[in-house]
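Residue numbers (the UniProt record's numbering): 1 to 88.
Here a beta-carbon is modelled for each residue, glycine too, at the ideal position from N, C-alpha and C.
All figures in this text were calculated on a predicted structure; none of them were measured in a lab.
Have a look at the structure below before the remarks.
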Amino acid sequence: MDDNQKRRFFQKIKQLTHEKFWSVMNIYHTRAYAAAERHYGEAMDIVLTKKQKEAVVAKAIQIREEWDGMMTVTTDETENEIFDIRTR
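Structure below.
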């Protein structure tokens, strides 16, 4: 995204209502979460056996849904998350 595209996007965001802003942010959080899942899936395809990958994916789903109560990904659940892959 170049500077003009960023500026136009910022102007559009500033014009949104409070409710619409959070709706848009939830879309972006969901896309980012999906990209992260894809990245981890691709990494597991390279490093792990199919059975190991299935076990990791099942545990990740359990943690997300049962432990964190996140059936879907929204800004409400992710606003306090910090991205630092070195700590994982």
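DSSP, read as helix, strand or coil, puts Gln15 in coil. Counting along the chain, Glu65 sits inside no alpha helix (DSSP H), nor does DSSP assign it H or E at all. One Cα belongs to Asp45, the other to Lys14, and the distance between them is close to 41 Å. The closest CA to that of Glu37, considering only Thr49, Arg7, Asn26, Lys53, is found on Lys53. In the structure shown, Met71 falls within a coil segment according to DSSP collapsed to helix, strand and coil.
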